[in-house]
Structures are given as structure tokens and as C-alpha cells.
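Chemist:
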Ligand code: SF4
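Residue numbers (the UniProt record's numbering), protein chains in the order written: chain E, 1 to 529; chain V, 1 to 255.
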């Protein structure tokens with residue numbers, strides 16, 4: 001063992017940043033129990049899930065393309081959105097302090113939470129102080145991420161989700177599987193059954209008509225809106241310039257939560273800050289079009305501190321780190337923080353479409369989840385962390401990059417995270433194989449010898465010249481695909497052979513003959529006048 | 001024009017017919033085709049699987065083999081390998097390379113083209129004099145489509161082929177599920193994607209599915225063969241190289 005002597009290990013050393021916090025292992029929902037391939041195996045077997053998902057993602061994809069296509073400046077909007085976000089990340093500390101100042105000036109209270117544990121404690125304490133043992137929730141990724149509902153339940157406080165889809169998931173004791181449509185994996189019939197079983201006093205004759213289902217939920221929720229004193233929300237945006245918070249939604253239930261209770265607690269990831277009020281102009285166009293395929297989201301709620309006599313009279317903003325500064329510290333990976341959680345990348349992802357969100361084991365599924373989750377919570381090589389399988393849960397097809405309204409290059413981030421993972425994971429069989437392959441391929445002589453050896457693969461080939469069974473770890477491949485046996489001759493040996501030379505000569509002659517037969521008139525010299 | 005052919009490790013070893021067709025086609029179009037014999041692999045598999053240190057010698061070898069200023073263009077019958085040279089070599093050189101490697105990479109990447117890009121953008125051709133009297137559908141591979149943005153170029157080339165019956169592939173731009181080691185590490189998800197792609201292909205009634213990437217075609221073709229679909233895959237170059245005097249014999253082994 002060598003004794004570490006770097007400045008970082010000598011205790012207090014002013015000027016050296018501490019290791020940025022990551023989300024603690026075991027808290028919240030940033031880590032599944034199984035690796036992606038294992039979890040995907042089960043989900044792939046669920047035909048109903050795949051049908052529900054395929055239908056939903058296809059229809060929302062088409063809607064998104066239609067409404068983004070009608071904006072002549074869509075590409076400029078994307079560029080602007082990306083530029084604002086990048087600027088935000090470059091001066092995040094300064095903007096957050098400005099936000100804190102402005103919120104405080106307007107009568108709000110700001111709390112800083114290093115991780116989910118701290119954020120949960122802050123919220124619990126605030127709720128306790130009101131004497132209430134139940135709260136309302138507006139759909140919020142941040143509180144999902146830290147497992148707030150579970151924590152509150154363990155402290156004897158009941159949290160009720162008011163977003164319809166989120167409510168469905170909560171009543172079914174299920175987990176959300178999509179950023180925007182948490183119950184995307186459920187169909188109407190399933191929802192009807194969930195309501196019949198879990199909503200107290202629901203009409204037993206309830207049918208699966210969407211309007212009736214919504215009405216049943218509304219009746220149930222209305223009662224709660226009128227009686228509950230505390231609400232917890234997330235935030236889509238927090239404006240540093242004015243201290244304004246923003247939530248966008250489709251149902252209006254969120255607005256009820258934001259305005260009716262006496263106390264409002266907002267838990268916001270620190271990356272959700274925007275510099276100027278005017279920046280909303282860009283994001284309120286980008287977000288709804290990318291997420292629900294709507295020109296505008298039906299409800300946009302903005303609030304700044306507290307207004308005497310109107311709305312909640314107490315407002316708390318909990319600023320959540322939970323791995324975000326760790327992501328920010330990564331030169332390449334920080335781009336993932338630009339995400340505005342529109343879910344467009346999920347809806348176009350062929351992997352998500354087949355496996356659904358649960359296979360990712362995190363609050364953040366799909367392509368962005370595959371980069372964000374390992375960044376926020378780490379990839380612990382020694383613990384065989386399911387999170388280290390996430391960067392590989394992609395065919396790198398690039399559809400997510402094309403769809404992203406803020407142009408996050410998710411494929412490159414995935415490749416970067418794969419690199420970080422292999423750099424950290426010591427010697428593995430795969431690494432040895434990669435090294436061996438590189439060693440052969442950097443020496444053309446060895447490569448040619450290896451090609452010759454591969455030619456021996458013809459021996460066990462079946463009658464049609466294909467191999468149908470390959471040894472592990474390639475057996476997953478050969479389960480559903482035949483592999484051609486290497487042909488007798490490589491290209492390079494053909495090209496160097498007399499046969500190859502003759503074929504190339506014949507092709508050149510044929511080309512020349514063809515040119516003589518039919519000269520392109522438009523290529524004729526134009527000099528003579 | 002003096003054109004160097006990059007066969008790619010996969011093309012050289014497993015799919016020489018696609019590379020031969022590329023060579024023959026370029027010769028037929030009147031170009032001087034050379035094959036730098038020390039070439040091996042672009043290192044794409046390494047980078048995509050998470051290894052950027054290991055392929056440094058491969059990137060160096062590529063830059064050396066194709067760096068000769070007498071080579072006016074490097075043509076690759078593979079969208080993903082062209083994409084690797086264009087985008088990934090820079091990342092690798094930047095991280096682990098010296099100044100010479102970075103300069104070498106920069107010089108080579110700007111003259112490296114995927115086949116359809118080269119024909120349409122550089123040679124300004126859409127009709128290459130090909131003859132292929134079969135029903136064909138085209139799968140735009142992800143890296144050609146989204147990394148290189150070849151767009152309609154391969155289709156323009158195919159439309160100009162004499163005798164061809166070109167039919168549109170539904171959901172053409174959906175990934176076939178190959179993704180290099182993805183097909184091994186997430187074999188079941190990859191298979192689910194492949195199944196949908198195969199359904200779309202067989203639904204067109206085409207005898208042949210073509211694309212600009214032997215790797216994706218290996219995956220799709222391997223699946224079509226496994227289900228005994230009677231359909232087959234052919235590299236775009238093989239269709240473009242076929243003429244009336246030297247027709248492609250569909251009944252012969254299609255590699
Ligand atoms: S990564 Fe981009 S596309 Fe995906 S959710 Fe975030 S903003 Fe939307």
C-alpha cells in the first residue's frame with residue numbers, strides 16, 4: 001500500500017474543493033436492484049406493457065413532430081435553449097445565490113439540502129411544525145428522486161399525489177415509469193380496476209371511459225384540496241432574477257395545490273434555475289412541444305415569495321444538490337444537467353419503447369436517465385452496481401439527441417460514462433479482450449494472421465455457410481441470429497491477387513467504354529466561342 | 001482521383017464482397033483505387049464499448065496509413081466506421097494523443113467519406129450506371145443517418161439504378177437493434193428491436209434489404225436467415241456495382 005500524499009488528503013486545505021456530494025447509497029430512487037439486462041428481461045416478457053408503451057410513444061412522437069415542425073424557428077429555439085442552459089451551468093453558484101436572495105426578499109425561506117436525506121428531513125420538520133399529518137403533492141421528479149413520500153410515511157405523514165397519472169401509480173402501489181406520463185404502462189381497464197379497489201366510496205359501476213375515470217379522481221381530490229394545509233411541489237424553473245418559481249402542468253390539480261394550502265414547500269434540483277424572467281419565453285415554447293406535443297401547456301403557474309392575503313402564506317424553497325455538483329464538476333458529463341425533463345428522448349428511444357421505464361431502476365428512465373442516474377448516484381464498480389449497466393442500455397442510435405429540445409448529445413455522454421466505468425473497474429475479462437484485440441489490430445501482420453485463423457471458422461459452419469451457435473458471451477447474439485462463417489478469402493488477399501487485379505482492370509475498362517459510348521454533353525468543354 | 005479504400009476490419013474479414021464492390025465501382029467510375037495494406041481497424045468497437053485508451057494505436061495507425069497527401073479521399077463502405085473516423089478519432093487523440101497524432105487525425109478526418117456521401121457530394125453523381133432488377137428496400141443505418149447525416153443520398157443513388165423496384169421501408173429510421181456490443185450485452189432488447197425491423201422488411205415484399213453498413217446488415221441478415229424468411233441483405237455497394245455486363249447473381253452467396 002502506498003501512502004497517499006496529495007494535498008486533498010492532508011485534512012483542511014483551503015482552496016481545494018471538497019469531493020462533491022453524490023446521492024447516498026440506499027436513499028431515494030436513483031438505483032434499481034437489478035442490472036438493466038436482468039430487469040429488461042422481465043419487462044420484455046410483459047406483452048401488455050409493450051403494447052401500452054408502443055401505442056403511447058408512437059402517438060406522442062407523431063404529435064411532437066407535428067407541433068415542432070410548425071415553428072419556423074424551432075432549431076434556433078433549441079440552440080437558444082441550449083445556450084441559456086450552458087450559461088446557467090457555467091455560473092450556477094452565482095445564480096443560486098441570486099435566487100436565494102430574491103426569494104428571501106419576497107418573503108420566502110430558502111433551505112439548502114446536500115442530499116436526499118437532508119431534503120427529507122427539512123420537509124418533514126416543516127410539515128411537523130404545522131401540526132398536520134397529511135400533505136398534498138404536485139407531481140415532482142425531485143421528491144420522487146429522494147423518496148420523500150416513503151420518508152414522510154415512515155414519520156407518520158401521509159402524502160397524496162394529485163397528478164392524475166401519479167395518483168394512479170400511487171394508489172396501485174406501483175412506481176412511475178415515465179417522466180411525464182408516469183402511468184404510461186397502464187391502460188384504461190387497469191386504471192378502472194385500481195380506482196375501484198383504492199378510492200374510498202367510488203361508484204362501483206365506474207366504467208373505463210377516460211372522462212369518467214378523471215371525474216372519479218377529481219371528486220376524490222377536491223375533498224382533499226379543501227382540507228389539507230400543506231402542499232409539496234417540484235419546480236420546472238426557478239428564476240434567479242426575480243425569485244419566481246414555475247410549474248407547468250395539464251390538469252389544473254397542480255395549481256390547486258400551489259394556491260389552496262396554507263404552506264407551500266417546493267423542492268427544486270439546483271440545475272432548474274434560469275438566469276432571467278425572459279428566458280421563460282424560450283422554455284415555455286420548448287417544453288410543452290417536446291413533452292406532450294402541445295403548443296402550450298394548459299396550466300402555467302408562477303409564484304414569487306408570498307403575497308399577503310392571497311395563496312399560501314408561508315413558502316419554503318428547498319434547493320437540492322443530491323449529486324448535481326458532482327455532475328457539474330465533470331467537464332463532459334455536466335451537459336446532462338441541461339435537461340428540462342421533457343421526456344422527448346424517452347418517447348423516441350427504441351430501447352425504452354421495448355423495456356419501459358422500470359428496467360432503468362431510477363426515477364429518471366430512458367436515455368437521459370441512463371446518463372443522469374449514474375452521474376447523480378455514481379457507479380460503484382466494487383458493489384456490482386446496477387447503475388453501471390445503465391450507460392450500456394443503448395444502441396447509440398442517436399434518436400434521443402435529435403429529439404432533445406436543448407440538444408444534449410446523449411450518445412456521446414453514454415460513451416463517456418462507459419469510458420469512465422471501464423477506467424474505474426480494474427481488470428476484467430472484457431478489458432483483457434479489448435486490449436488483446438487492439439494489440440492484434442495495431443500490428444497489420446498479426447491482424448492478417450488472425451484473419452487467416454478466423455478462416456478456420458468455416459469448419460463448423462452449417463450447410464448454408466452460417467454459424468448458428470456461438471460460445472458465451474456471444475450466445476445472446478447467436479440465440480436469434482445466424483452468423484456468416486468467414487469467407488475463404490479476405491478482401492485484402494483478393495485485392496492483392498491476380499483475380500482482384502483483373503477485376504479492377506475490367507471495371508476500369510468497362511467504365512471507359514461506357515464513357516466513350518455516351519459522353520455527358522453537359523461536361524463538354526465550353527472554351528470555343 | 002486517387003482514392004484510398006478503407007475496408008474496415010469487419011468488411012475485410014467477413015464481408016469482402018461489399019468491399020470488392022466498392023473497389024470495382026470506384027474503378028468503373030474512372031478512379032485510381034489504392035489499398036494501403038497496413039490498414040486494420042478504426043477502433044469504433046473499443047470506443048463505443050467504453051475504451052478510449054486501448055484504441056490509441058489503432059487511431060495512430062489509421063492516421064499514418066491514410067495520411068499520405070497523395071491520397072485525395074478515403075472512402076469507407078460503412079457509415080459507422082466513417083463516423084468513427086470523423087468524430088471519435090478526435091476524442092481519442094484529444095484525450096490520450098500527442099500533438100502529432102492530433103494533427104494526423106485532423107488531416108485524415110476531413111477527407112474521409114462514407115460511400116454514398118462520396119458519390120453524391122464529391123463526385124456529384126447519382127446515376128452510377130448500375131443495373132439491379134429486383135425489389136429492394138433500404139434501411140438507413142443510425143450512424144449514417146444521424147452521425148453523418150447522409151440523408152437521402154443513398155436513396156437518390158438507388159432510385160437511379162436501372163430496373164430496380166425500390167419500396168419504402170415502414171419506420172425506416174428506427175434502429176435495427178445492432179449497436180455493436182449492445183447486441184451482446186443487451187441481447188434480448190436488441191432481439192426485440194430486430195424482430196420489429198424484420199417484420200417491416202418482410203412486410204414490404206422486397207427480396208433484398210440494403211444498407212450502407214455491413215455490421216447492421218450482419219445483424220438483420222442473421223435474423224432473416226434464422227427465421228428462414230427467404231429475404232436477404234446486400235450492401236448498397238453491391239447493388240451499385242452490379243451492371244448489365246457484370247450483373248449480381250442473387251442466387252449466389254450474398255456476402
Ligand atoms: S434529455 Fe433532452 S429530450 Fe430528454 S428529457 Fe431532458 S430535455 Fe427532454
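Note that CB positions come from ideal geometry on N, CA and C, so glycine has one too.
No experiment lies behind these values; they were computed from the predicted model shown.
1. Which residues, in chain order, does the segment 91–122 of chain V contribute to contact with chain E at a C-beta distance below 9 angstroms?
2. Going along chain V, which residues have a C-beta under 9 angstroms from residue 44(E)?
3. Residue ranges of each alpha helix (DSSP H) run of no fewer than 4 residues wholly in the segment 168–229 of chain E, ordered along the chain?
4. Hey, could you find the ends of the beta strand (DSSP E) residue 269(E) is sitting in?
5. For ligand 1, is there any heavy atom lying closer than 8 angstroms to the beta carbon of residue 311(E)?
6. Would you tell me roughly how many angstroms separate the C-alpha atoms of residue 510(E) and residue 243(V), rounded to the nearest one?
7. Does the distance from the CB of residue 266(E) to the CB of residue 290(E) come in under 9 angstroms?
8. Thinking residue 180(V) and residue 45(V) are a contact (beta carbons under 8 angstroms), I'd like their distance in whole angstroms, please.
9. Would you call the CB atoms of residue 390(E) and residue 412(E) closer than 9 angstroms?
10. Any beta-carbon of chain V closer than 9 angstroms to the one on residue 63(E)?
11. For residue 40(V) and residue 32(V), what's the separation of their Cα atoms in angstroms?
12. Hey, residue 111(V) and residue 72(V) are a contact pair by Cβ (cut 8 angstroms); roughly how many whole angstroms apart?
13. Please state whether DSSP places residue 102(V) in a helix, a strand or coil.
14. Would residue 257(V) pass as an interface residue toward chain E - the criterion being a Cβ-Cβ separation below 9 angstroms?
15. Is residue 519(E) helix, strand or coil when you go by DSSP?
16. What in chain E is Cβ-close to residue 146(V), meaning under 8 angstroms?
17. Counting Cβ pairs, one atom from each stretch, are 3 or more of them under 8 angstroms apart for the segment 134–144 of chain V and the segment 198–207 of chain V?
18. Report the residue ranges of all alpha helix (DSSP H) runs contained in full by the segment 269–305 of chain E; include only those spanning at least 4 residues, in chain order.
19. Below 8 angstroms, is the gap between the Cβ of residue 539(E) and the nearest heavy atom of ligand 1?
20. Could you name the residues of the same chain whose beta carbon sits closer than 7 angstroms to that of residue 372(E), not counting the 5 residues immediately before and after it, in chain order?
21. Could you work out which residues of chain V lie near residue 394(E), taking near to mean beta carbons separated by less than 8 angstroms?
22. Taking 9 angstroms as the CB-CB cut-off, is residue 418(E) touching chain V?
23. Can you list, in chain order, the residues of its chain with a C-beta nearer than 6 angstroms to that of residue 229(V)? Leave out the 5 residues immediately preceding and following it.
24. Taking 8 angstroms as the limit between beta carbons, can you name the residues of its chain near residue 301(E), skipping five residues before and five after?
25. With a cut-off of 8 angstroms on the beta carbons, I'd call residue 21(E) and residue 325(E) a contact; round off their distance for me.
26. In the DSSP assignment, find the beta strand (DSSP E) that holds residue 249(E) and state where it starts and stops.
27. Hey, quick one: how far does the beta strand (DSSP E) through residue 209(V) stretch, first residue to last?
28. Cβ of residue 406(E) within 8 angstroms of any heavy atom in ligand 1?
29. So, residue 136(E) versus residue 171(E), is the Cβ gap smaller than 9 angstroms?
30. What do you reckon, are the CB atoms on residue 115(V) and residue 221(V) nearer than 9 angstroms?
31. According to DSSP, what are the bridge partners of residue 239(E)?
32. Going by CA-CA distance only, name the one from 490(E), 192(E) and 388(E) that's closest to residue 16(V).
33. Only counting runs of 3 or more residues, tell me where the beta strand (DSSP E) segments fall wholly within the UniProt domain "Cysteine-rich" (136–220) of chain V, in order along the chain.
34. Please name the residue or residues paired with residue 310(E) in a DSSP beta bridge.
35. Under 8 angstroms by Cβ, that's how I've got residue 398(E) and residue 146(V) pegged, so tell me the actual separation to the nearest angstrom.
36. Listing by chain order, which chain E residues have their CB less than 8 angstroms from the CB of residue 335(V)?
Modeler: So, from the data block:
1. 91 and 95
2. 188, 189, 191 and 192
3. 188–198 and 210–227
4. 263–269
5. no
6. 10 angstroms
7. no
8. 6 angstroms
9. no
10. no
11. 21 angstroms
12. 7 angstroms
13. helix
14. Look at the range of chain V in this structure, 1 to 255, and you will see that residue 257(V) is not part of it.
15. Bear in mind that the predicted position of residue 519(E) carries a pLDDT of just 45, short of 50, making it unreliable; the figure below should be weighed with that in mind. Residue state, collapsed to three classes: coil.
16. 397, 398, 399, 401 and 402
17. yes
18. 280–291
19. Residue 539(E) is absent from the structure shown; chain E starts at 1 and stops at 529.
20. 336, 339 and 364
21. 179 and 182
22. yes
23. 202
24. 246, 247, 248, 249, 254, 255, 258 and 259
25. 7 angstroms
26. 244–249
27. 208–211
28. yes
29. no
30. no
31. 244(E) and 274(E)
32. 490(E)
33. 165–167 and 208–211
34. 307(E)
35. 4 angstroms
36. This structure cannot speak to residue 335(V), because chain V is shown only from 1 to 255.
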